[in-house]
Structure formats: C-alpha cells, structure tokens
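Chains as they are written, first to last, in the working numbering: chain A, 222 to 605; chain B, 50 to 354. Using N, Cα and C, we set each Cβ at its ideal position, and we do this for glycine too. Everything numeric in this text was worked out from a predicted model, so none of it was measured. These notes concern the structure reproduced below.
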C-alpha cells in the first residue's frame, strides 16, 4: 500500500500550465492526430499538409509578424488519450485547433474546445455535428457521407441510365451513412434497391458479397468502403469477369487505390472532394509544391496533404483578414466572409458564410484511367 | 513512515483540484477510474485465477447504463448502483460458460462474450445510438474527480475486506487448484459466478465514471484492446497486489503523457510519427524484463524505498 501511495503522490506533482494562444511572437495552434493508431497513414499526411502551409507563411514573416506554431498531439485514435491531449493543449494555451482526426476523437473533444472558447477548425471527421448546428467557433471541411455520396451516384445513374443499384458497405457508422444517403437518393429517383450487402471492419475476403450482388444482377454498385476493402471488392468482381461499374466514397479516392490495386482498378469511379497532387501534367505552382513537399517530408504527397493545406490556408487567410489583434470572434467573422476561387491544386471554390460553416460544399466524380485518377465531371453541389 | 506517507498522499489528493491544471486533474481522474476497473479484474484474474478478456464489456455496459439513465433524469445515487447492477448481471451471464472452463479456453470464451456485448451495443441503435455513439451529460471536472477518487479508495478498501474474509480465501483456493478447492467443500461453479458478478460490478462503476469523464461513448471504445490494456496494467503493476493496481493504472495513464512532455522538450521540428508509441512499448518491455513481478514487486525489493 505504501508504494501505491507513493505512486499517487508522484502523480499529484504533475505540471501546472498557463493559458494563452497568442503572443507578440507567435500564434499557437493545436492538432490532435493519429500518428500511431489504425489511421496513422492518414494522420501523418494531415500533420504534413498543415505544417507545410504554416511553414510557407512563417517563411514570409508570419501573420502580422507572428509565427504560426503547430502543436501536434498523437492520440492513437484513442478518445481517452485525446481527452488528455485536449486538456494538455488547453493548458498550454492554443488559439485554435485544426484538422483533428477521427470521429470518436472529435466527438469526445470538440465540446471541450468549444467550452474553452477555442476555434475548432476543419476536423478530419465527416460528421454533420462538426459544422451544424452553426456555432461561431466550429467550422467543418468535408460533408457527411450522407451528403457527399448521392450527387456522384445521381450523376452516374442519370448519365448511364442504371436501374439496378446495389451497395457493399462497411458495417459501421461510415458504411451506414453511405447506405442512408443512397437510400434517400433512390427514393428521389423512384428506384428500389437491387441488393444490399455488408462486411465487418477488417474483412479481407469479399467473394460472398460480390457473388450476392452479381446474383441479383446489379448494373451499378456503390462501395461504402475504405482503401483495402475497395481494392478487395473491385478486384474480386473483375477476377470473376464481372465488369459492373462501381463507385467508391471519398475515403477510397486516394492514390493508394490504383497504386496497390494495379491495372485491375481501371474503371473505378469515386466521389472526390479535393484533387490529387498529380505530378504528371502539373502546373508550375503545383510541380514546385510537390518538389518542396518531398524535400521536406521525404515522402510523396497525397490528397490528404492537399486537404489539410487548403484548410490551413483558409485559416491563414482569415488570420490576415482579422487584423493584428486576432480573437476567436474576429477570426470566426473573417472565416464567414471568406470566398476563395480555384487554387493551383484545382480545389473547389469555397464560400463560407454566417449560415454555412462547411468548406467543401461540392464533389466531383473521378475515375481511374491508366492507373491514375482523372476527373469525369466538374464540381457538383452536395445534398442538403 | 507508512502513516506519514499516507497522510501526505491524502493531503496531496485533497489539494489536487486546487493545485493541478485540468490536464493533471484529468490524468488523476483517469487513474482513479482505471483503479476501480482494475480492482474488479484483479479480484477475478489475480485472486480467483479466472483469465477474463471481456472486462471492457462490463465497463461498456456500465458506461451505457449510466449515460442513458442519467440523461433520463436519474440522479447519481440511483444511476450508479443501477449501472453496477446491470454490469453485474452481464458478469453473471459471462460466467455461465466459465463454470466449466479454465485457462486458455476461458480466455477464448470471455473474448467471444466481449464481441457479443459490443455487437449488441452496435445493433441496439434505438437505445445505444449504435455506431454513431452517444453524447454523455457534462459533469463538473472537480466533482467527477472526487467521485472517482472516492470510488477508487472504496474499491481498494472493499477488495481488502473481501480478501481478508472467507470469500477471499475461497478465491485463492480456486486459483491454486479448483479440484482441491472442491475437495475441501468450496462450491467452485458458484464461486466463479460470484467472482464474475463482483468483478463486473466494479467494471460497471468504472464504466459509469468513464462515460462522464469522456462525455462521448461509442461501442468501438469497449473492444478487446481495452480488456488487454487492463490485463497489461495489472501485470505491469504487479498481479495479486493492491499497490500493483494503482501503480499499473498510473503507468498506463501517465507514462504516455510523460513521453509526450519529453518529446516536447526535445523540440524536434517534426517529431517522427508514432515516437510516443515506440517509447511506450520500449519502456513496457524493459519494465517486464527488469520487474517481472511488476512495479509493486520491484519497489518492494528496492532498498531506497
């Protein structure tokens, strides 16, 4: 018992912290990332894209003379660690948090940041709760799957006249959101489900699900899948000689899908929110950005770097617009006035407003052709 | 010496809400919650010798019961015992296969039971909110700390009382040799059910506190990883000792935070991704290598303490 008491004593002597976030020299911005958990492959790029934009601004002298300091905490996708990291960031003093990653992490920590009066910007969690109902301190980046998937599916169904729509979805909140979105769309279009089938997270064999969809004679299949499952399901269909068109959510719109799946992935459609940083045919600004990214991080950039670069860019623009004495209120007001046009990545124009705190309000349909993603449509408005 | 240290610690714990930053207080609250959960598992695995891999399920049932009942206006004096009772009932169901099983077979059976409970939490959307999760009523951080601290001290005291009595001796007899225990008149199946029911009640209490501490719960939080984490916590702390529960909980919660502080102090421009996990794993392996009897055993041997 003596040792237990000693341990508790040691813990009681933990550090005290100060509040703040903005000093004459810097603006501190927190970010909760998964750098060691199940979505660490995303987390690293979330951090890099944000850091890249902040470093660019710092190299130009910062915002109104202040350097932007990014404080990244690794949560390992564990809400418990995320709550502790939140308390740590709040204790250190942060002006805003940006691109916090993972739905459970965001849901457990967002109320704490908002209660503390900290701006909660563009989290990597496609949840309506992060931008609705409108709150002066919270701004979302990507729409929920219920909103983002139907426009892409509607375009393909109308263009190609598909009548027998099926779905393969991951049996969790992400997959069920896709299911709900397409369910509503089919109701609007006066179509009935051809077949619905699901898999448990972590599954690697999709033979039974593909056989079921094929037996129902679907002429179009929506994939509520992530990267590995997209490749598994698509190649399973092609291996059996079934050439049905398939469309995956924005989660599958990554360079990894054609890279890992190879030539068999040609023809797959996806809903795209943010462009891929493709070096082939890149404009000069993009080519230069890719070179600088590779020099800095010793790895290839992907769509998540662009996603977070664009989010960080919105924040930087709002900080400039808010003036030399930034407060959460005047930066929020500046964000609400922000209008951007297409940038060198080809990102969609963004128009935030007092009634709209969602940045990416449009999607594009892309398709894998000759091993790389190509845009099929221009930007289409999302469902509301 | 023992009394003086106890007094200092109690004073420090009493002063914690005024002295510590919210970050420090949050850590202490998590440690207290994990001590409550660990006490249940220590009783079951450490003293009664029943290797359970579904402790997260008991915590989950307690968390959901508390979140739902509290949201419906139940006051804490009612909702907390209800959460414990529901978790305890879950423990009794989990014990059903355990009556005839032991060792690795029991581990597999309890692991499967954990999957079933998690699946129910996911599917019963009308009540649990399914995979989307459930927001939990906000609770003042200071009050929650006191509640968790009282629960942890109460759990440790109760474990002490239980082990000092007839039931505690029966548990040890069961752990050492179930056949011999039967021969001396211990009703082994009944005793296993009792152990599971008690352990699950502690788990349920921890879950109820955990729900308020996190303010958001979802089924994926109560998976097998959490059960393994709790077992690891007891092994690191020292199986079979009360000090081990506290040391293990402090290790599990505070070490990643200490590593994060160390990382900050090194002031890397871009710290290597996953460095914290790597450091945690390294310390874990070293701790097991140099303190196979757990931190409690290691401190006992150390002449300086």
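Self-check item: Cut-off 8 Å between Cβ atoms - residues of its own chain near residue 263 of chain A, not counting five sequence neighbours on either side
Solution: For the purposes of this step, residue 263 of chain A is taken as residue 42 along the first chain, with counting starting at 1. Counting only residues of its own chain and dropping the five nearest sequence neighbours on each side, residue 263 of chain A has a CB closer than 8 Å to the CB of 255, 322, 345 and 525.
Practice problem: Please state if the CB of residue 284 of chain B and the CB of residue 343 of chain B are separated by a distance shorter than 8 Å. | Solution: Translated into the one-based positions of the second chain, residue 343 of chain B becomes position 294. Translated into the one-based positions of the second chain, residue 284 of chain B becomes position 235. Against a cut-off of 8 Å, the Cβ pair of residue 284 of chain B and residue 343 of chain B comes out as a contact.
Quiz item: Can you name the residues of chain B whose CB is closer than 8 Å to the CB of residue 328 of chain A?
Solution: As a working note, residue 328 of chain A is residue 107 in the first chain. Against residue 328 of chain A, the close residues of chain B are 182, 184, 265 and 267, in the order they occur along the chain (beta-carbon pairs closer than 8 Å).
Exercise. State yes or no: is the beta carbon of residue 273 of chain B nearer than 8 Å to at least one beta carbon in chain A?
Key: Locating residue 273 of chain B in the second chain gives position 224, where the first residue counts as 1. No, residue 273 of chain B lies away from the interface with chain A (no Cβ there is under 8 Å from its Cβ).
Quiz item: So, is residue 381 of chain A buried or exposed, given that buried needs 16 or more other C-beta atoms within 10 angstroms?
Solution: Position 160 of the first chain, counted from the start, is the residue given in the question as residue 381 of chain A. By the Cβ-count criterion, residue 381 of chain A is exposed, with fewer than 16 other Cβ atoms from all chains shown falling within 10 Å of its own Cβ.
Quiz item: For the ligand GDP, any of its heavy atoms closer than 7 Å to the Cβ of residue 570 of chain A?
Solution: Within the structure as shown, the ligand GDP is missing, as the structure has no ligands at all.
Exercise. Taking residue 204 of chain B as the query, report the chain A residues whose CB atoms sit under 8 Å from its CB, ordered along the chain.
Key: In the second chain, counting from the first residue as 1, residue 204 of chain B sits at position 155. The premise fails here: residue 204 of chain B is roughly 12 Å from chain A at the closest Cβ pair, so nothing lies under 8 Å.
Practice problem: Please compile the residues from chain A whose C-beta is within a distance smaller than 7 Å of the C-beta of residue 325 of chain B. | Solution: Taking the first residue of the second chain as 1, we reach residue 325 of chain B at position 276. In chain order: 257 and 295.
Practice problem: Please determine, among B/249, B/176 and B/286, the residue with the shortest C-alpha to C-alpha distance to residue 336 of chain B. | Solution: As a working note, residue 336 of chain B is residue 287 in the second chain. Ranked by Cα distance from residue 336 of chain B, the options B/249, B/176 and B/286 are led by B/286.
Practice problem: Mark residue 562 of chain A as exposed unless 16 or more other C-beta atoms lie within 10 angstroms of its C-beta, in which case mark it buried. | Solution: Translated into positions along the first chain, residue 562 of chain A becomes position 341. Residue environment: residue 562 of chain A is assigned as exposed (fewer than 16 neighbouring CB atoms within 10 Å of its CB, all protein chains considered).
Quiz item: Just how far apart, CA to CA, sit residue 273 of chain A and residue 313 of chain A?
Solution: Taking the first chain and counting its residues from 1, the one referred to as residue 273 of chain A is at position 52. Taking the first chain and counting its residues from 1, the one referred to as residue 313 of chain A is at position 92. Rounded to whole angstroms, residue 273 of chain A to residue 313 of chain A spans 23 Å at the Cα level.
Quiz item: Which residues bound the alpha helix (DSSP H) around residue 464 of chain A?
Solution: Start at 1 with the first residue of the first chain, and residue 464 of chain A comes out as number 243. First-last for residue 464 of chain A: undefined, no H or E at that position.
Quiz item: Ends of the beta strand (DSSP E) at residue 330 of chain B?
Solution: To locate residue 330 of chain B, count along the second chain from 1; it is residue 281. Counting along the chain, residue 330 of chain B falls outside any beta strand (DSSP E), though it belongs to the alpha helix (DSSP H) covering 324 to 339.
Quiz item: Would you say residue 167 of chain B reaches chain A, if we count a Cβ-Cβ gap shorter than 8 Å as a contact?
Solution: Within the second chain, residue 167 of chain B is the residue found at index 118, counting from 1. Interface with chain A (8 Å Cβ-Cβ cutoff): residue 167 of chain B is excluded.
Practice problem: Would you list, in sequence order, the uninterrupted alpha helix (DSSP H) runs of no fewer than 4 residues that lie entirely inside the region 370 to 429 of chain A? | Solution: With a minimum length of 4 residues, the continuous alpha helix (DSSP H) runs that stay inside the region 370 to 429 of chain A are 394 to 410.
Quiz item: What three-state label does DSSP hand residue 577 of chain A in the structure shown?
Solution: Within the first chain, residue 577 of chain A is the residue found at index 356, counting from 1. Strand at residue 577 of chain A.
Quiz item: Which first and last residues belong to the beta strand (DSSP E) in which residue 342 of chain A is found?
Solution: Here the question's residue 342 of chain A lines up with position 121 in the first chain. In the DSSP assignment, residue 342 of chain A falls within the beta strand (DSSP E) that extends over 340 to 342.
Quiz prompt | Closest by C-alpha distance to residue 167 of chain B, when choosing among A/448, A/421 and A/326 | solution = Reading the second chain from its first residue, position 118 is the one you call residue 167 of chain B. Out of A/448, A/421 and A/326, the CA that lies nearest to the CA of residue 167 of chain B is found in A/421.
Quiz prompt | Among A/565, A/458, A/501 and A/288, nearest to residue 276 of chain A - alpha-carbon criterion | solution = Translated into the one-based positions of the first chain, residue 276 of chain A becomes position 55. Distance from the Cα of residue 276 of chain A is smallest, within the candidate group A/565, A/458, A/501 and A/288, for A/288.
Self-check item: Cβ pair count under 8 Å reaching 3, the region 261 to 273 of chain B against the region 156 to 174 of chain B
Solution: Touching, yes.
Self-check item: Chain-ordered neighbours of residue 618 of chain A on chain B, where CB pairs are closer than 8 Å
Solution: This structure cannot speak to residue 618 of chain A, because chain A is shown only from 222 to 605.
Quiz item: What is the DSSP secondary structure of residue 146 of chain B, reduced to helix, strand or coil?
Solution: Translated into positions along the second chain, residue 146 of chain B becomes position 97. In the structure shown, residue 146 of chain B sits in a helix (DSSP, three-state: H, G or I).
Quiz item: Who are the near neighbours of residue 265 of chain B in its chain, counting only those whose CB is closer than 8 Å to its CB and skipping five residues on each side?
Solution: Position 216 of the second chain, counting from 1, holds the residue named residue 265 of chain B. 182, 183, 184 and 185, listed in sequence order.
Quiz item: Is any beta-carbon of chain A found at less than 8 Å from that of residue 276 of chain B?
Solution: As a working mapping, residue 276 of chain B is identified with position 227 in the second chain. No, because no Cβ of chain A sits closer than 8 Å to the Cβ of residue 276 of chain B.
Quiz item: Since residue 431 of chain A sits in a beta bridge, which residues does DSSP pair it with?
Solution: Position 210 of the first chain, counted from the start, is the residue given in the question as residue 431 of chain A. According to DSSP, which records beta bridges pairwise, residue 431 of chain A is partnered with nothing at all.
Quiz item: What in chain B is Cβ-close to residue 400 of chain A, meaning under 7 Å?
Solution: Within the first chain, the letter at position 179 stands for residue 400 of chain A. Correct list: empty, because the minimum Cβ distance to chain B is about 12 Å.
Exercise. Report yes or no: is there a C-beta of chain B within less than 8 Å of the C-beta of residue 393 of chain A?
Key: As a working note, residue 393 of chain A is residue 172 in the first chain. Interface criterion met: the Cβ of residue 393 of chain A is under 8 Å from a Cβ in chain B.
Exercise. Quick one: give me the first and last residue of the alpha helix (DSSP H) that residue 519 of chain A is part of.
Key: On the first chain, residue 519 of chain A is found 298 positions in, with the first residue counted as 1. Under the DSSP assignment, residue 519 of chain A falls outside any alpha helix (DSSP H); it carries neither an H nor an E label.
Quiz item: Do you know offhand how far residue 337 of chain A's Cα is from residue 125 of chain B's?
Solution: Locating residue 337 of chain A in the first chain gives position 116, where the first residue counts as 1. Locating residue 125 of chain B in the second chain gives position 76, where the first residue counts as 1. Between residue 337 of chain A and residue 125 of chain B, the C-alpha separation is close to 26 Å.
Exercise. Starting from residue 305 of chain B, find everything on chain A with Cβ-Cβ shorter than 7 Å and list it in chain order.
Key: What you label residue 305 of chain B is simply residue 256 of the second chain in a count that begins at 1. Residues of chain A passing the Cβ test: 302.
Exercise. Could you check which residue in B/223, B/304, B/262 and B/317 has the C-alpha nearest to that of residue 329 of chain A?
Key: Here residue 329 of chain A refers to the residue found at position 108 when the first chain is read from its first residue. Of the candidates B/223, B/304, B/262 and B/317, B/262 places its Cα closest to the Cα of residue 329 of chain A.
Exercise. Specify the secondary structure class of residue 594 of chain A as computed by DSSP and reduced to three states.
Key: Here residue 594 of chain A is taken as the residue at index 373 of the first chain, counted from 1. Taken through DSSP and simplified to helix, strand or coil, residue 594 of chain A comes out as strand.
Quiz item: Using CA coordinates, which residue listed in A/374, A/596 and A/419 is at the minimum distance from residue 409 of chain A?
Solution: Position 188 of the first chain, counted from the first residue, corresponds to residue 409 of chain A. Of the candidates A/374, A/596 and A/419, A/374 places its Cα closest to the Cα of residue 409 of chain A.
Self-check item: Spatial distance of residue 189 of chain B from residue 109 of chain B (CA atoms)
Solution: On the second chain, residue 189 of chain B is found 140 positions in, with the first residue counted as 1. On the second chain, residue 109 of chain B is found 60 positions in, with the first residue counted as 1. Straight across, the Cα-Cα distance linking residue 189 of chain B with residue 109 of chain B is about 22 Å.
Self-check item: Residue-chain proximity (residue 197 of chain B, chain A), Cβ-Cβ < 8 Å
Solution: As a first step, residue 197 of chain B must be located in the second chain, where it is residue number 148. Cβ-Cβ to chain A under 8 Å: no for residue 197 of chain B.
Quiz item: What whole-angstrom Cβ distance do residue 249 of chain A and residue 315 of chain A have, given they're in contact under 8 Å?
Solution: Within the first chain, residue 249 of chain A is the residue found at index 28, counting from 1. Within the first chain, residue 315 of chain A is the residue found at index 94, counting from 1. In this structure residue 249 of chain A is in contact with residue 315 of chain A, their Cβ atoms being roughly 5 Å apart against a cut-off of 8 Å.
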